[in-house]
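A short worksheet on the structure shown next.
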Amino acid sequence: MGTENKQQMRIILYMLLSKIPHGRLVTYGQLAKMAGYPGLARWVGRVLSQLPDDTELPWHRVVAAGGRLSLPQNTRAGDEQRQRLRLEGIFVEQDRVKLTNYQWQPDVASE
3 MGTENKQQMR IILYMLLSKI PHGRLVTYGQ LAKMAGYPGL ARWVGRVLSQ LPDDTELPWH
63 RVVAAGGRLS LPQNTRAGDE QRQRLRLEGI FVEQDRVKLT NYQWQPDVAS E
């Protein structure tokens with residue numbers, strides 16, 4: 003995969019990430035599939051981990067499969083994700099969220 007192709011992939015990923023509505027979540031795998039890269043959930047996680055600290059992209063709205071928060075508690079990013087989710091009205095319990103309550107389905111959503 004060439005550098006130019008990787009950059010284009012990131013642009014597509016960032017565009018989709020920016021569209022995740024307030025109070026809604028997607029999984030890493032779901033975001034990869036939406037971007038046209040099924041099976042690249044780990045790549046999505048790596049790209050999100052490289053975002054600058056001052057990004058306005060809603061990285062905190064991306065969670066692991068089953069609604070698991072993959073960023074550990076008591077880390078800057080992990081604590082920030084939990085705080086941002088709670089401020090958006092998303093209930094976090096035992097490092098999980100209920101995807102049935104919060105998962106964004108853009109193909110069927112009217113948001």
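Going by our numbering, the sequence shown opens with residue 3, and the numbers climb by one from there. Ideal placement from N, C-alpha and C gives every residue a C-beta, glycine not left out.
Residues in its own chain within less than 8 Å of L18 by CB, not counting five upstream and five downstream? Position 16 of the sequence shown, counted from the first residue, corresponds to residue 18. If we look at L18 and ignore the five residues flanking it on each side, its Cβ neighbours are L33, M36 and A37.
Measure the alpha-carbon distance for R86 versus P40 and round it to whole angstroms. Walking along the sequence shown from the start, residue 86 turns up at place 84. Walking along the sequence shown from the start, residue 40 turns up at place 38. Rounded to whole angstroms, R86 to P40 spans 27 Å at the Cα level.
Three-state secondary structure (DSSP) of Q9: Taking the first residue of the sequence shown as 1, we reach residue 9 at position 7. Helix, per DSSP.
To which residues of the same chain is E113 closer than 8 Å at the C-beta, ignoring the five residues directly before and after it? The count along the sequence shown starts at 1 and reaches residue 113 at position 111. Low local confidence applies: a pLDDT of 43 at E113 is under 50, so the model's placement there is unreliable, and no value is given.
Spatial distance of G115 from N103 (CA atoms): This structure gives no information on residue 115, because the portion of the chain shown stretches from 3 to 113.
Residue span of the alpha helix (DSSP H) that contains Y30, given as start and end: Locating residue 30 in the sequence shown gives position 28, where the first residue counts as 1. Y30 to M36 is the span of the alpha helix (DSSP H), which, as asked, contains Y30.
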